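One structure below.
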Amino acid sequence: MIGVMKMKKLWIGAGVLLLAAALVFVYFKQPAVKTGAQSNYRNIVLSDKTWNLEFSQPIKKLSKDAIYVKNQNGEKVPVNITISDDRKSILIHPPEEGYSTETESFTLHISSAVKSSLGLPVRGNKTVEFAVVPTLPEVKSQKDLQQYFKYAMKREKENRPKFSIFDRGVSEDSADDSGSAAEGAMETEQESSSNEHSTTNNQVQGVDEADIVKTDGTYIYQIASQQLVITKAEPVSDMEVVSSIPYENTFSPQHLFLQDDQLVVIGNSWNDGYRDRPHAEKSSVEAHIMPMHSMMQTYIYDISDKTKPELLREFGMEGNYVAARKVGSYVYLAASHYPDYWMLEEKEDVELRPRITDSLNGESPSFLQYENIKYMPQSTETNFTLLAAIDLEKVSSDILVESYLGSGHQIYMSKENLYMALSRYNPAGGNPLESADTEVYKFSIDQSNIEFSGMANVRGTVLNQFSMDEHEGNFRIATTKGNTWGDDRNPSTNNLYILDANLKHIGKVEDLAKGERIYSVRFMGDKAYMVTFKQVDPLFVIDTSDPYSPEVLGELKIPGFSNYLHPLDENHLIGFGYDTKLVKDDKSSNTEPLVLTGGMKISLFDVSEFHNPKEKDTEIIGGRGTHSYLMEDHKALFQHREKSLFGFPVSVYQDKEGSMYEQIFDYQGSLVYEITPEKGIVRKAKITNSEENEIYERWEHQVQRMLYIGDNLFTLSPEQIHAYKLNDFTKMGELEIQ
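All letters in the sequence shown, in the order written, are residues 1 to 738 by full-length UniProt numbering.
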């Protein structure tokens with residue numbers, strides 16, 4: 001009898017445990033709202049923008065009126081509700097005319113009809129209150145700023161372990177308003193010299209991009225081996241370094257702008273991270289965790305006397321250098337700063353604002369004013385984006401710095417607007433690389449005024465600046481969404497979205513090239529050209545002449561892929577990338593062949609028949625391991641428009657005979673081609689300074705840029721400048737600059 005009682009108790013206990021486990025399972029499988037009234041920063045919505053609501057579990061397809069919005073008078077607001085691809089968040093689209101900003105508050109209601117994929121109802125709060133504002137709200141005090149970062153830390157902890165968000169491809173060193181992108185890439189200048197000369201290979205006509213080399217037709221300005229070097233290049237027989245400015249190891253010069261007799265040097269500097277910090281108590285442990293802080297530093301020189309550059313102004317924004325552009329005499333700067341917000345866990349009195357330094361205001365840095373810091377609704381990004389404009393014609397005028405919490409690291413700029421793209425993923429969405437989407441922020445540019453003018457969301461992530469473009473007032477953006485690493489459950493797709501001047505979606509082409517990702521994009525007038533790749537290289541020709549109904553006109557599949565597309569004329573473009581071949585892997589059970597990258601490849605595409613694009617000519621350079629700065633930075637492309645010449649630095653390797661994976665170093669230098677629709681791709685010169693039988697590359701002799709002045713071609717490396725005749729590439733001279 002006692003044994004029976006014990007067995008009953010055991011069965012009852014087991015039943016209770018099973019019931020408890022079932023209840024716990026059901027509880028955690030019930031979808032719960034992950035955003036809402038957790039922070040004031042989470043409840044603010046821009047009046048004409050879409051916002052999203054996250055759930056802890058996937059939800060079923062929404063029925064009509066399952067989720068709705070009411071104003072403070074209890075009246076329904078005509079919003080549109082859609083569900084994300086992973087079904088773990090919903091998008092609340094604003095009314096056609098936007099929310100009324102005269103209404104103090106709105107409430108989103110979630111009905112009992114909303115259920116998980118298992119049929120379980122939503123648990124917890126079923127209402128979310130939010131306020132509407134016409135533009136970005138300001139951070140008004142230290143308390144507000146700390147509240148933002150405390151909430152960001154809370155969300156960060158909730159979502160661990162997660163991968164970090166990152167943007168594929170290159171950022172700054174890797175698309176034209178209403179004009180031809182071909183013109184923007186081909187312009188030449190005649191400024192302070194009568195000699196025609198190279199200019200930077202810019203994406204947009206009239207928007208100059210900072211680079212490591214500039215020339216005015218007589219002098220070459222170059223960043224080389226931690227210094228600024230000014231070289232008198234004409235006449236070639238008397239080339240000489242007329243001045244140089246070495247920088248300490250705490251400053252890394254990266255890029256230049258040239259404006260008449262002014263030269264701008266931009267880079268990053270590093271200093272003791274505790275200097276000038278009110279909360280700093282430099283323990284030995286903390287010193288190892290964050291021993292330095294970085295500043296995006298800008299030096300402006302008067303170079304009217306090339307032998308004695310004079311520093312006019314030094315300006316710094318705390319953070320890392322993100323981008324720089326120049327329109328006319330105005331230089332636009334963007335930096336990104338990640339503050340020491342984790343210190344809030346130990347101290348309340350922590351200064352989180354970025355610092356500004358300005359030589360005109362003395363040596364001591366100042367903190368950005370709270371009224372100059374704005375935040376993106378729904379953002380929990382833990383960085384500041386700082387934007388500033390400097391007028392080189394009024395170099396002593398005030399520099400206004402605007403800062404935004406959040407925002408992105410990919411920049412596109414037209415003459416009137418600046419766009420920043422940020423990859424953002426749904427923390428509840430599993431693999432962040434699959435669920436990542438893009439937020440786009442638009443800022444209007446009017447001389448020294450930079451003002452936020454809108455934001456939007458698009459599916460997928462961008463590759464680089466060429467994934468974005470402004471055309472006839474509309475914004476075009478190409479993205480890749482999903483997994484490109486062989487998971488058939490969520491294969492990647494590629495998309496093109498068109499948004500109007502208010503960043504409202506008006507047209508799209510989606511689901512191109514499943515399982516592949518974008519390798520390059522170029523917009524030319526009302527056409528978009530997109531290269532995707534996995535095993536072959538499809539080139540898509542997309543017509544955007546009707547922005548409300550873009551369509552794919554043609555597709556070309558060829559071996560290899562293009563990393564960079566360059567306009568030749570309105571009917572031809574040049575692709576620079578790599579050749580590939582498919583190889584069976586006998587050691588793997590995977591039935592798919594291996595894709596091996598071969599030598600560098602140049603392709604001439606004929607797109608005169610949009611429905612039938614053709615690869616008109618090709619050139620393969622070297623074997624596996626061959627590489628060029630052009631593959632990472634479009635500004636490394638040399639071009640002489642009148643002579644139809646194109647060139648680039650290159651390090652060439654050849655495949656070892658009898659081996660699939662071994663290569664032998666051949667040479668380093670640069671190559672020059674004549675590329676025309678009539679002749680195709682014709683090699684004109686192989687320029688190399690390698691000594692015979694060299695078995696490895698030498699960084700100090702590696703060509704970084706090529707440019708021309710008059711009838712001469714110059715190749716520039718960290719320690720040397722070489723000059724050649726443009727007509728037959730005879731060597732005219734060389735100069736050691738170190």
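No residue lacks a Cβ here, since even glycine has one placed at the ideal position from N, Cα and C.
Note that the structure is a prediction, hence the values are computed from the model and not measured.
For V583, the nearest candidate out of I303, G575, H572, G598 (CA to CA) = By one-based count along the sequence shown, residue 583 stands at place 583. Nearest of I303, G575, H572, G598 to V583, Cα basis: G598.
Looking at C-beta atoms only, is the number of pairs between the region 405-418 and the region 310-326 that lie closer than 8 Å three or more?
-> yes
Helix, strand or coil at D276 according to DSSP, with G and I counted as helix = Locating residue 276 in the sequence shown gives position 276, where the first residue counts as 1. Low confidence applies here, because D276 scores a pLDDT of 45, under 50, leaving its location unreliable; read the following figure in that light. Residue state, collapsed to three classes: coil.
Shortest alpha-carbon distance to Q720 belongs to which of D728, N689, E697, K70?
-> Position 720 of the sequence shown, counting from 1, holds the residue named residue 720. Taking only the C-alpha atoms, the option nearest Q720 is N689.
Neighbour flag for Q226 against chain B, beta carbons, 8 Å = Structure shown: chain B not included; a single protein chain is present.
Have a look at K140 and L368 and give me their C-alpha separation to the nearest angstrom.
-> Along the sequence shown, one-based indexing puts residue 140 at 140. Along the sequence shown, one-based indexing puts residue 368 at 368. Approximately 12 Å, taken between the alpha carbons.
In or out: E470 buried (at least 16 other Cβ within 10 Å) or exposed?
-> To locate residue 470, count along the sequence shown from 1; it is residue 470. It is buried - the Cβ of E470 has at least 16 other Cβ atoms within 10 Å.
Out of curiosity, what's the CA-to-CA distance linking N195 and D711?
-> For the purposes of this step, residue 195 is taken as residue 195 along the sequence shown, with counting starting at 1. For the purposes of this step, residue 711 is taken as residue 711 along the sequence shown, with counting starting at 1. C-alpha separation (whole angstroms): 9 Å.
Other residues of its chain near E736: CB distance less than 7 Å, five sequence neighbours each side excluded = Residue mapping note: residue 736 aligns to position 736 of the sequence shown, counting from 1. If we look at E736 and ignore the five residues flanking it on each side, its Cβ neighbours are E719, Q720.
Taking just the CA atoms, how far does N202 sit from A185?
-> Here residue 185 refers to the residue found at position 185 of the sequence shown. Here residue 202 refers to the residue found at position 202 of the sequence shown. With a pLDDT of 40 at A185, under the threshold of 50, the predicted position of this residue should be treated as unreliable, though the coordinate-derived value follows. So the two alpha carbons sit approximately 5 Å from each other.
Can you grab the Cα-Cα spacing for the pair H255 / D48, in whole Å?
-> Taking the first residue of the sequence shown as 1, we reach residue 255 at position 255. Taking the first residue of the sequence shown as 1, we reach residue 48 at position 48. C-alpha separation (whole angstroms): 38 Å.
Shortest alpha-carbon distance to W270 belongs to which of L352, M296, S397?
-> Stepping through the sequence shown from its first residue, residue 270 is reached at position 270. When each option's Cα is compared against that of W270, the closest is M296.
When DSSP labels each residue in this structure, what does L392 get in the three-state scheme?
-> Indexing the sequence shown from 1 puts residue 392 at position 392. Here L392 sits in helix by DSSP.
If F106 sits next to V77, beta carbons under 8 Å apart, how far is it from one beta carbon to the other, in whole angstroms?
-> For the purposes of this step, residue 106 is identified with residue 106 of the sequence shown, where counting begins at 1. For the purposes of this step, residue 77 is identified with residue 77 of the sequence shown, where counting begins at 1. With 8 Å as the limit, F106 and V77 qualify as a contact, their Cβ atoms being about 7 Å apart.
Would DSSP call N249 helix, strand or coil?
-> Within the sequence shown, numbered from 1, the residue matching residue 249 stands at position 249. Judged by DSSP in its simplified three-state form, N249 adopts coil rather than helix or strand.
Locate the beta strand (DSSP E) running through L594, then write down its first and last residues.
-> Indexing the sequence shown from 1 puts residue 594 at position 594. Segment 594-606, the beta strand (DSSP E) holding L594.
Hey, out of S252, F257, E234, L228, whose CA is closest to I245's CA?
-> As a first step, residue 245 must be located in the sequence shown, where it is residue number 245. Here the closest residue by C-alpha is L228.
Figure out for me which residue from Y661, S448, I399 has the closest Cα to the Cα of V595.
-> In the sequence shown, residue 595 corresponds to position 595, counting from 1. Selected option, being the one with the closest Cα: Y661.
Which one of L556, N383, I356 has the shortest CA to CA distance from H611?
-> Sequence index remark: in the sequence shown, residue 611 carries index 611 (1-based). H611 has its Cα closest to that of L556, out of L556, N383, I356.
Give every residue of the same chain whose Cβ lies closer than 6 Å to the Cβ of E183, excluding the five residues on either side of it in the sequence, and list them in chain order.
-> Taking the sequence shown and counting its residues from 1, the one referred to as residue 183 is at position 183. With a pLDDT of 40 at E183, under the threshold of 50, the predicted position of this residue should be treated as unreliable, though the coordinate-derived value follows. These residues qualify, in order along the chain: Q205.
Status (buried if at least 16 other CB within 10 Å, exposed otherwise) for residue 819 | Because the chain here runs from 1 to 738, residue 819 falls outside it and cannot be looked at.
Quick one: Cα of N71 to Cα of L360, how far?
-> Translated into the one-based positions of the sequence shown, residue 71 becomes position 71. Translated into the one-based positions of the sequence shown, residue 360 becomes position 360. Near 51 Å, if we compare the C-alpha coordinates of L360 and N71.
Does DSSP put L360 in a helix, a strand or coil?
-> Residue mapping note: residue 360 aligns to position 360 of the sequence shown, counting from 1. Note: L360 maps to helix in three-state DSSP.
Cβ-based neighbour list, E310, same chain, cut-off 7 Å, excluding 5 preceding and 5 following = Counted from its first residue, the sequence shown places residue 310 at position 310. Answer for E310: Y301, D302, listed in chain order.
Where V440 and T618 are concerned, what is the direct C-alpha to C-alpha distance, given to the nearest angstrom?
-> Against the sequence shown, residue 440 aligns to sequence position 440. Against the sequence shown, residue 618 aligns to sequence position 618. For V440 and T618, the distance between alpha carbons rounds to 36 Å.
Helix, strand or coil: which one does DSSP assign to D260?
-> For the purposes of this step, residue 260 is taken as residue 260 along the sequence shown, with counting starting at 1. Residue state, collapsed to three classes: coil.
Could you work out which residue in Q704, R353, T298, G217 is closest to R313 when comparing CA atoms only?
-> Translated into the one-based positions of the sequence shown, residue 313 becomes position 313. Checked all of Q704, R353, T298, G217; the closest Cα to R313 is T298.
Where Y148 falls: helix, strand or coil (DSSP) | Here residue 148 corresponds to residue number 148 of the sequence shown, with the count starting at 1. In the structure shown, Y148 sits in a helix (DSSP, three-state: H, G or I).
Beta-carbon proximity of D543 to D569, cut-off 8 Å | Stepping through the sequence shown from its first residue, residue 543 is reached at position 543. Stepping through the sequence shown from its first residue, residue 569 is reached at position 569. Contact flag unset, no.
Report the rounded CA-to-CA distance for G169 versus N464, giving the unit in angstroms.
-> Mapped onto the sequence shown, residue 169 falls at position 169. Mapped onto the sequence shown, residue 464 falls at position 464. Only weak support exists for where G169 lies, its pLDDT of 35 falling under 50; the value from the coordinates is given anyway. Taking the straight line joining both Cα atoms gives about 6 Å.
Please report how far the alpha carbon of K442 lies from the alpha carbon of V650, in whole angstroms.
-> By one-based count along the sequence shown, residue 442 stands at place 442. By one-based count along the sequence shown, residue 650 stands at place 650. Rounded to whole angstroms, the separation of the alpha carbons of V650 and K442 is 37 Å.
Comparing alpha-carbon positions, which option in S329, A478, P547 lies nearest I506?
-> Position 506 of the sequence shown, counting from 1, holds the residue named residue 506. Out of S329, A478, P547, P547 has the C-alpha closest to the C-alpha of I506.
Nearest-angstrom beta carbon gap, V133 and L46 [assumed within contact, 8 Å] = Translated into positions along the sequence shown, residue 46 becomes position 46. Translated into positions along the sequence shown, residue 133 becomes position 133. Right, their Cβ atoms sit about 6 Å apart.
How is the beta strand (DSSP E) around V322 delimited, first residue to last?
-> As a first step, residue 322 is located in the sequence shown; it is residue number 322 there, counting from the start. In this chain, the beta strand (DSSP E) harbouring V322 covers 320-327.
Through-space distance from K157 to G74, alpha-carbon basis | Locating residue 74 in the sequence shown gives position 74, where the first residue counts as 1. Locating residue 157 in the sequence shown gives position 157, where the first residue counts as 1. Cα to Cα, G74 sits roughly 36 Å from K157.
For the beta strand (DSSP E) that F106 lies in, which residues bound it at each end?
-> Counted from its first residue, the sequence shown places residue 106 at position 106. Per DSSP, F106 belongs to the beta strand (DSSP E) from 106-110.
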